[in-house]
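> Have a look at this one before I ask anything.
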Amino acid sequence: MRFAIVVSEWNTEVTEALYNGAKETLMKFGVKEDDVVRRNVPGSFELTLGAQLMAERKEFDGIICIGVVIQGETKHFDFICDAVSQGITNLNIKYNLPVIFGVLTPNTMQQALDRAGGVHGNKGDEAAITAIKMAVLKKELEA
Ligand code: RBF
1 MRFAIVVSEW NTEVTEALYN GAKETLMKFG VKEDDVVRRN VPGSFELTLG AQLMAERKEF
61 DGIICIGVVI QGETKHFDFI CDAVSQGITN LNIKYNLPVI FGVLTPNTMQ QALDRAGGVH
121 GNKGDEAAIT AIKMAVLKKE LEA
C-alpha cells in the first residue's frame, strides 16, 4: 500500500514528532519507505488543499493530515479547526478515500507534546493505524 502524509509547518516541534510516529508506524506494518510520500503545507488551514492535491494523483491508498492548533495561543482556533475538520471530511466523501484527521487541538503546547511521543503516546502512530485500517476496509469492500 502507498500513503501520503501532509504536514503543517506550524508548531513543527510537534508536527515533526507526529510525522515521524506516523511514518514509522506505517513501516512497522509493512509499508515500504518509498511508498510513504511527504509534502508540507504552511499551516493546518492548508491541509485540506494539500490533501486534495495528493488525492488527485490517484496513487495513494490513504492520506494522513498532520497539524497542531493550540487553543490558548490563537483566536483563530475555531475558524481553523472548523475549516480543516470539515474540509477533510469532505475529501473522504469526494474521493472515497481514507483521509485521516491527524490534527491535535490542545489547550497548551505541553498537552500537544504529551500527545506527540510524550505521556499520552503519539497520535501520529494512531493516525497511521487508522489509515491502514480504513485502506484495508476499502479494499475488502471493493473487492
Ligand atoms: N496554523 C496551525 O497549524 N496552527 C495554529 O495554531 C495556527 N494559528 C494561527 C493563528 C493566526 C492568528 C493565524 C493568522 C494563522 C494561524 N495558523 C495556524 C495558520 C493557518 O493554518 C493558515 O496557514 C493561515 O491562516 C494562512 O491561510
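Just so you know, the working numbering puts 65 at position 65 of the sequence shown, and the rest follows in order with no gaps.
Yeah, the Cβ is synthetic: ideal placement off N, Cα and C, and Gly gets one too.
These numbers come from a predicted model, not from an experiment.
Going by DSSP, what residues sit across from Asn107 in a beta bridge?
Looking at the DSSP assignment, Asn107 forms no beta bridge with any residue, so it has no partner.
> Between Asn96 and Asp35, what straight-line distance do the alpha-carbon atoms span, to the nearest angstrom?
20 Å
> Measuring alpha carbon to alpha carbon, tell me which of Ile100, Gln86 and Pro106 ends up nearest Glu73.
Pro106
> Here's the rule: buried if 16 or more other CB atoms are within 10 angstroms of the residue's CB, otherwise exposed. What is Lys28?
So Lys28 ends up on the exposed side.
> Starting from Gly118, trace the beta strand (DSSP E) both ways and give me its first and last residue.
Ala116 to Gly118
> According to DSSP, which residues form a beta bridge with Ala4?
DSSP lists Val37 and Ile63 as partners of Ala4.
> Quick check on Gly121: does DSSP put it in helix, strand or coil?
Here Gly121 sits in strand by DSSP.
> In terms of DSSP beta bridges, what is Gly30 paired with?
Answer is none; Gly30 lacks a bridge partner.
> Shorter than 6 Å, the distance from the beta carbon of Val6 to the closest heavy atom of ligand 1, or not?
no
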